[in-house]
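If you want my numbering, it's the position in the sequence shown, counting the first as 1, plus 78. This report concerns only the one structure given below.
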Amino acid sequence: MDIKEYNGTSLAYIGDAVMSLYVREMLLELGYQKPNVLQKKSVAWVSAKAQADFLMKLKEKNFFTEEEWNIILRGRNTNISSHAKNASVQTYRLSTGLEALFGYLYLTKQETRLNELWQAIKEIGE
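Shown next as structure tokens:
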């Protein structure tokens, strides 16, 4: 199957893992080692609310290309049967859009752009 035909849920599925790995690697590089601290700090980056905030701030800066925004919309508009416990449906959909972009960039091996996205998010998160 061509990656461009993957649905938003599939892209977000892999994108969630990619973003989580970036966050975990960053936290270890910062010297955090205790599991409970790692988990708490990680949630601050990968929660639906945080991801939705990152997405909207990057959108305000016109960070995304037209193609990337279409991927985000595919993720955001996907038919989701569940949502985060601590987030509204709208927030959850936005976070799914960001995860879909992470997944798409990863699967299409756009490593430079993936790293640019991560660096932009780190700047917002700091």
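Glycine included, every Cβ here is placed at the ideal spot set by N, Cα and C.
With DSSP as the reference, label residue i as helix, strand or coil.
i           : result
residue 186 : coil
residue 195 : helix
residue 111 : coil
residue 127 : helix
residue 157 : coil
residue 143 : coil
residue 80  : coil
residue 166 : coil
residue 85  : coil
If you drop the 5 nearest sequence neighbours on each side, which residues of the same chain put their C-beta closer than 8 Å to that of residue i?
i           : result
residue 164 : 125, 126 and 127
Let me know if residue i comes out buried or exposed under the rule of 16 or more other beta-carbons within 10 Å of its beta-carbon.
i           : result
residue 129 : buried
residue 169 : buried
residue 133 : buried
residue 177 : buried
Here's a check: name, in chain order, each residue in its chain whose Cβ is nearer than 6 Å to the Cβ of residue i, leaving out the five neighbours to either side.
i          : result
residue 81 : 185 and 186
Excluding sequence positions up to five away, which residues of its chain have a Cβ less than 7 Å from the Cβ of residue i?
i           : result
residue 110 : 116 and 119
> Okay, do the region 90-100 and the region 135-143 touch, 3+ Cβ pairs below 8 Å being the bar?
Replying inline: The region 90-100 makes no contact with the region 135-143: fewer than 3 CB pairs, one atom from each, lie closer than 8 Å.
>> Counting beta carbon pairs with one atom in the region 178-186 and one in the region 102-113, are three or more of them shorter than 8 Å?
In response: Contact fails between the region 102-113 and the region 178-186, because fewer than three Cβ pairs, one in each stretch, are under 8 Å apart.
> Does the count of Cβ pairs from the region 113-125 and the region 186-197 closer than 8 Å reach three?
Replying inline: No contact exists between the region 113-125 and the region 186-197.
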